[in-house]
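Colleague: Dumping the structure here so I can ask a few things about it.
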Amino acid sequence: MKYINHFERRRKTMINNNYYPIKRLVTFSVPFIIVLVAVVFNYSVLAENFPTKEIELIINFGPGGSTDMMARIVGDKVSKHLGVPFIYSNKPGGGGAIATNYIINSKPDGYTIGTGGASNLGTLLATSAGGKIPYSLKDISGIARAVIVPLVVVTKKGRFENFESLVKEAKQKPGMIMFGSWGSKSTSHIMGELINQVTGIKMKHIPFDSGAKSLVAVLGGHIDIAISTPSTSLSNLRAGTITALAVTSPNRLDDIRGVPTLKELGYPEATFTSYDGFITSSKVPKERLAILQVAFEKSLKDIEVQEALKKAGMVPAFLSGKDYEAFLESNLEMLKEVAIKAGIKD
-10 MKYINHFERR
0 RKTMINNNYY
10 PIKRLVTFSV
20 PFIIVLVAVV
30 FNYSVLAENF
40 PTKEIELIIN
50 FGPGGSTDMM
60 ARIVGDKVSK
70 HLGVPFIYSN
80 KPGGGGAIAT
90 NYIINSKPDG
100 YTIGTGGASN
110 LGTLLATSAG
120 GKIPYSLKDI
130 SGIARAVIVP
140 LVVVTKKGRF
150 ENFESLVKEA
160 KQKPGMIMFG
170 SWGSKSTSHI
180 MGELINQVTG
190 IKMKHIPFDS
200 GAKSLVAVLG
210 GHIDIAISTP
220 STSLSNLRAG
230 TITALAVTSP
240 NRLDDIRGVP
250 TLKELGYPEA
260 TFTSYDGFIT
270 SSKVPKERLA
280 ILQVAFEKSL
290 KDIEVQEALK
300 KAGMVPAFLS
310 GKDYEAFLES
320 NLEMLKEVAI
330 KAGIKD
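Following the working numbering, the numbering of the sequence shown begins with -10 at its first residue and continues without gaps.
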């Protein structure tokens, strides 16, 4: 009996002094587990619930151009995949810098994305000196590359018979022939200057804030040629109001098979294609970025979307977000070389 009483007193003493490790473990673990579960649960909910409202898609050129058309064709399909509406906002100017700067300085929550391609993430950076462009490729995350875009040299019907007649007149009138682009330091600007370099002519550059406006200027006789895209110029080409003199792609284009490449005309150095895709701020959480990337990949691999892009004169050329970032890095170095040779700089 004394032994039992002694054991009971010892057991009570151990309990009161927290000598039982299991009790200490439970006392410590319960609140910790509650907090851990709450964190994991909230993290999962945040990821799964994105997006829950409309997404703003910033377009770095004005309405009617190839970038605008590409953004709306793809964006409409992505909107259906994500189950939220897209708001399209055109913010032209500065060769695409205004729109890009807006994207990277917006709240990095995944609800502001935009277009990013050869102009705002290529030629603009390639021709910038002294940090005048307020962003770099490190400030963006790639969502996807969507298309590559051949360029086409167009003129008002009857202005030039062919590309060689353009070169001949330009040599006779240095600085008098005017070419339009969709923005200073854009790919169309680079292309026009590259034509100057390889042909030995000197055309004057006239920038506009969209490809559509440069085409209007051609039709109105205000400029002699425009460096355009098939998507921007195709309807006028089919209507016969403008003439295509040459394409910049390595091969002829299906929709305008009768138009020769610059390579065929004896200027292989002028072979070039633009490109376009989608980006967002590099500060957007990886989980939300991944959701956007998956939705864009599904949309860009959709047959209807691809056919719509082809019909608009673009070539579907999907790259994943990471691959697009790598492509932008390597292409920037090439564009720097082209810009130096073309004499484009700040």
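We put the CB at the ideal spot given by N, CA and C, even for glycine.
(1) DSSP three-state call for Tyr256: helix, strand or coil?
(2) Under 8 Å, do Val294 and Lys66 count as touching if we go by C-beta distance?
(3) Along the chain, where does the alpha helix (DSSP H) containing Met59 start, and where does it finish?
(4) Taking the alpha helix (DSSP H) that Phe152 falls in, what are its first and last residues?
(5) Leaving out the 5 sequence neighbours to the left and right, which residues in its chain are closer than 8 Å to Leu321 when beta-carbon positions are compared?
(6) Please determine, among Phe168, Gly84 and Ile216, the residue with the shortest C-alpha to C-alpha distance to Val138.
(7) Answer yes or no: do Gly169 and Ala206 have a C-beta to C-beta separation smaller than 8 Å?
(8) Can you name the start and end residues of the beta strand (DSSP E) that His194 belongs to?
(9) Within the continuous alpha helix (DSSP H) that includes Tyr91, where are the two ends?
(10) Would the beta-carbon of Ser95 fall within 8 Å of that of Ser270?
(11) How big is the Cα-Cα spacing for Gly84 and Glu158?
(12) Output the distance between the C-alpha atoms of Val187 and Gly99, rounded to the nearest integer angstrom.
(13) List the whole-angstrom C-beta distance separating Pro81 from Ser199, where the pair is believed to meet the contact cut-off of C-beta under 8 Å.
(14) Apart from the five residues just before and just after Gly332, which ones in its own chain have a Cβ nearer than 6 Å to its Cβ?
(15) How many Å lie between Thr250 and Arg277 at the Cα?
(16) Mark Gln161 as exposed unless 16 or more other C-beta atoms lie within 10 angstroms of its C-beta, in which case mark it buried.
(17) Which residues in the same chain as Asn225 place their Cβ atom closer than 6 Å to its Cβ, once the five residues preceding and following it in sequence are excluded?
(18) Just confirm the distance between the C-beta atoms of Ile44 and Ile129, as a whole number of angstroms; I'd bet it's less than 8 Å.
(19) Would you give the residue range spanned by the beta strand (DSSP E) that Val138 belongs to?
(20) Strictly by DSSP, which residues pair up with Val273?
Modeller: According to the structure data:
(1) Residue mapping note: residue 256 aligns to position 267 of the sequence shown, counting from 1. Here Tyr256 sits in coil by DSSP.
(2) The count along the sequence shown starts at 1 and reaches residue 294 at position 305. The count along the sequence shown starts at 1 and reaches residue 66 at position 77. Going by C-beta atoms, Val294 is nearer than 8 Å to Lys66.
(3) Taking the sequence shown and counting its residues from 1, one reaches residue 59 at position 70. Residues Ser55 to Leu71.
(4) Indexing the sequence shown from 1 puts residue 152 at position 163. Phe152 to Gln161 is the span of the alpha helix (DSSP H), which, as asked, contains Phe152.
(5) Taking the first residue of the sequence shown as 1, we reach residue 321 at position 332. Only Leu110, Gly111, Leu114, Ala115 and Leu126 meet the Cβ criterion.
(6) What you label residue 138 is simply residue 149 of the sequence shown in a count that begins at 1. When only C-alpha atoms are compared, the closest one is Ile216.
(7) Counting from one through the sequence shown, the residue named residue 169 turns up at place 180. Counting from one through the sequence shown, the residue named residue 206 turns up at place 217. Yes, these two residues count as a Cβ contact at 8 Å.
(8) As a first step, residue 194 must be located in the sequence shown, where it is residue number 205. Lys193 to Pro196 is the span of the beta strand (DSSP E), which, as asked, contains His194.
(9) What you label residue 91 is simply residue 102 of the sequence shown in a count that begins at 1. Looking at the DSSP string, the run of the alpha helix (DSSP H) that includes Tyr91 is Ala86 to Asn94.
(10) Stepping through the sequence shown from its first residue, residue 95 is reached at position 106. Stepping through the sequence shown from its first residue, residue 270 is reached at position 281. Cβ atoms of Ser95 and Ser270: closer than 8 Å.
(11) Mapped onto the sequence shown, residue 84 falls at position 95. Mapped onto the sequence shown, residue 158 falls at position 169. Roughly 29 Å separates the two Cα atoms.
(12) What you label residue 187 is simply residue 198 of the sequence shown in a count that begins at 1. What you label residue 99 is simply residue 110 of the sequence shown in a count that begins at 1. For Val187 and Gly99, the distance between alpha carbons rounds to 43 Å.
(13) The residue you call residue 81 lines up with position 92 of the sequence shown. The residue you call residue 199 lines up with position 210 of the sequence shown. That belief holds up - the Cβ atoms of Pro81 and Ser199 are roughly 6 Å apart, short of 8 Å.
(14) For the purposes of this step, residue 332 is identified with residue 343 of the sequence shown, where counting begins at 1. No residues qualify anywhere along the chain.
(15) Here the question's residue 250 lines up with position 261 in the sequence shown. Here the question's residue 277 lines up with position 288 in the sequence shown. Rounded to whole angstroms, Thr250 to Arg277 spans 42 Å at the Cα level.
(16) On the sequence shown, residue 161 is found 172 positions in, with the first residue counted as 1. Exposed, since its Cβ has fewer than 16 Cβ neighbours within 10 Å.
(17) Taking the first residue of the sequence shown as 1, we reach residue 225 at position 236. Excluding residues within five positions, the ones whose Cβ falls inside 6 Å are Ile231.
(18) The residue given as residue 44 occupies position 55 in the sequence shown. The residue given as residue 129 occupies position 140 in the sequence shown. Not really, about 16 Å apart at Cβ, beyond 8 Å.
(19) What you label residue 138 is simply residue 149 of the sequence shown in a count that begins at 1. Note, Val138: beta strand (DSSP E), Ile129 to Pro139.
(20) Working through the sequence shown from its first residue, we reach residue 273 at position 284. In DSSP, Val273 forms no bridge with anything.
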